Amino acid sequence: MKFLLKTLLVLIIFSSCEKQEEQLKIRVNYYKQTISTAKGPTMALSVQSGTDLGTANWSPSTTKIAGFLYEPGYIYELLVSTQTIENPYSEFGSTAYVLKQIVSRTKIENNTTFSLDLKSENVKYLKGDVSKGFNILDEVNIDCNNLCDDLASAIQSNAKHIRGEFALKDDGSIKLISITND
Numbered sequence: 005m006k007f008l009l010k011t012l013l014v015l016i017i018f019s020s021c022e023k024q025e026e027q028l029k030i031r032v033n034y035y036k037q038t039i040s041t042a043k044g045p046t047m048a049l050s051v052q053s054g055t056d057l058g059t060a061n062w063s064p065s066t067t068k069i070a071g072f073l074y075e076p077g078y079i080y081e082l083l084v085s086t087q088t089i090e091n092p093y094s095e096f097g098s099t100a101y102v103l104k105q106i107v108s109r110t111k112i113e114n115n116t117t118f119s120l121d122l123k124s125e126n127v128k129y130l131k132g133d134v135s136k137g138f139n140i141l142d143e144v145n146i147d148c149n150n151l152c153d154d155l156a157s158a159i160q161s162n163a164k165h166i167r168g169e170f171a172l173k174d175d176g177s178i179k180l181i182s183i184t185n186d
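Using our numbering, you'd call the opening residue of the sequence shown number 5 and step up by one each time.
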């Protein structure tokens, strides 16, 4: 009888740790977004899923996609599995994505523009200076063209919010087109 109870208890524990997998279609945008997380400022994939697929609504995602090698300049349509790992010792589960298939990979047109936060409240995403050059969080180099001095002034100003309008270059860097601040 004790053996049967122990076996039943072991089965219950293992079944509560079992992974649950769900298939999901997501789109990944051609550029990453700047966001602030509890761990600090970072760049995140810009994604669509569910009812947002094919719309103008993109959301930042810091969830890694195992098996996916992101390259800026392409919009990806992916089929991923969502794995929810239940932890019986925690009130929270955790989610992970695993790439199942790249459904499509579409190159964006040259000179397609996008906006990024460069400063939001007290969070600065921009690094560098006029003499060394600028980048976003050591991930993406910025060609600030004839706007380098304006960019440096904007970042050093008291503006709470600074956005840059950019175009993606073929080498993966981005070209600054305009700056707005408030």
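Glycine is no exception: its CB is placed at the ideal position from the N, C-alpha and C atoms.
Owing to the predicted nature of the structure, the values given are computational and were not obtained by experimental measurement.
Which residue marks the beginning of the beta strand (DSSP E) containing residue i, and which one marks its end?
{"i": "L155", "result": "Here L155 belongs to no beta strand (DSSP E); instead the alpha helix (DSSP H) covers C152 to Q160."}
{"i": "F72", "result": "F72 -> no beta strand (DSSP E), and no H or E assigned at all."}
{"i": "N139", "result": "G137 to I140"}
{"i": "V144", "result": "V144 to D147"}
{"i": "V51", "result": "G44 to S53"}
{"i": "D133", "result": "L130 to D133"}
{"i": "H171", "result": "The residue you asked about is not His; residue 171 is Ala in the sequence shown. First-last of the beta strand (DSSP E) with A171: H165 to L172."}
{"i": "L180", "result": "I178 to N185"}
{"i": "L120", "result": "T117 to S124"}
Going straight from the alpha carbon of residue i to that of residue j, what length do you get?
{"i": "I82", "j": "C152", "result": "Reading off the sequence shown, one finds Leu at residue 82, where the question assumed Ile. Going from the Cα of L82 to the Cα of C152 covers about 37 Å."}
{"i": "T59", "j": "V32", "result": "12 Å"}
{"i": "F72", "j": "T86", "result": "14 Å"}
{"i": "G176", "j": "K111", "result": "13 Å"}
{"i": "T184", "j": "I79", "result": "26 Å"}
{"i": "V120", "j": "L155", "result": "For clarity, residue 120 is Leu in the given sequence; the question names Val instead. When rounded, the distance between both Cα atoms is 13 Å."}
{"i": "S161", "j": "T116", "result": "28 Å"}
{"i": "T99", "j": "S53", "result": "15 Å"}
So, using beta-carbon positions, are residue i and residue j closer together than 8 Å?
{"i": "L141", "j": "P76", "result": "no"}
{"i": "I181", "j": "K123", "result": "no"}
{"i": "I178", "j": "V144", "result": "yes"}
Between residue i and the rest of its own chain, which residues show a CB-CB distance below 7 Å, the 5 nearest in sequence each way excluded?
{"i": "V84", "result": "L28, I30, I69, Y101, V102, L103 and K104"}
{"i": "A48", "result": "K36, Q37, I39, P64, S65 and T66"}
{"i": "E95", "result": "Low confidence applies here, because E95 scores a pLDDT of 41, under 50, leaving its location unreliable and the question unanswered by this model."}
{"i": "R109", "result": "Y78 and Y80"}
{"i": "I106", "result": "Y80 and L82"}
Please classify residue i: is it buried, with 16 or more other beta-carbons within 10 angstroms of its beta-carbon, or exposed?
{"i": "N61", "result": "exposed"}
{"i": "S135", "result": "exposed"}
{"i": "Y129", "result": "buried"}
{"i": "S50", "result": "buried"}
{"i": "Y34", "result": "buried"}
Note down, in chain order, each residue of its chain lying with its Cβ closer than 8 Å to the Cβ of residue i, except the 5 sequence neighbours on either side.
{"i": "D133", "result": "A156"}
{"i": "K131", "result": "F138, N139, I140, L141 and D142"}
{"i": "A1", "result": "The requested residue 1 is not part of the displayed model; the chain covers only 5 to 186."}
Skipping 5 residues on each side, what residues in its chain have a beta carbon closer than 6 Å to that of residue i?
{"i": "G168", "result": "L120, L122, L180 and I183"}
{"i": "D56", "result": "none"}
Chain B beta carbons: is any one of them nearer than 8 Å to that of residue i?
{"i": "V51", "result": "The displayed structure is made up of one protein chain only, and chain B is not part of it."}
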